[in-house]
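Under the numbering used here, the letters of the sequence shown match residues 1000 to 1062, in that order.
Here the structure comes first, spelled out in structure tokens, and everything after it is commentary.
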Amino acid sequence: MTSQSGRVLLITANVGSLFEQDRRLQEAWLKTFTERINEEMADIVVIHMQETGGKQLVIPCTL
């Protein structure tokens, strides 16, 4: 039996600003994001994103 280990890239990002109406950060962020993934040559990429609805998203809570 042989043991193999792969390269894992874990990415976490607070992306609320990417979903704002002007979306001015999206293009630069996506370029940097994809470049980093390609540079790492990982076998597995795990992505965790917070605030995916944007900072202005408000969901009313009713009890």
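Where is the CB? At the ideal position from N, CA and C, for every residue including glycine.
Distances from the alpha-carbon of M1048 to those of T1061, N1013, W1028, Q1003 put N1013 closest.
A1027 sits in a helix when the DSSP states are folded into three classes.
Out of L1024, E1034, I1046, Q1025, the CA that lies nearest to the CA of L1009 is found in I1046. Between the C-alpha atoms of W1028 and L1017 there is a straight-line separation of about 8 Å. For N1013, the beta-bridge partners assigned by DSSP are Q1049.
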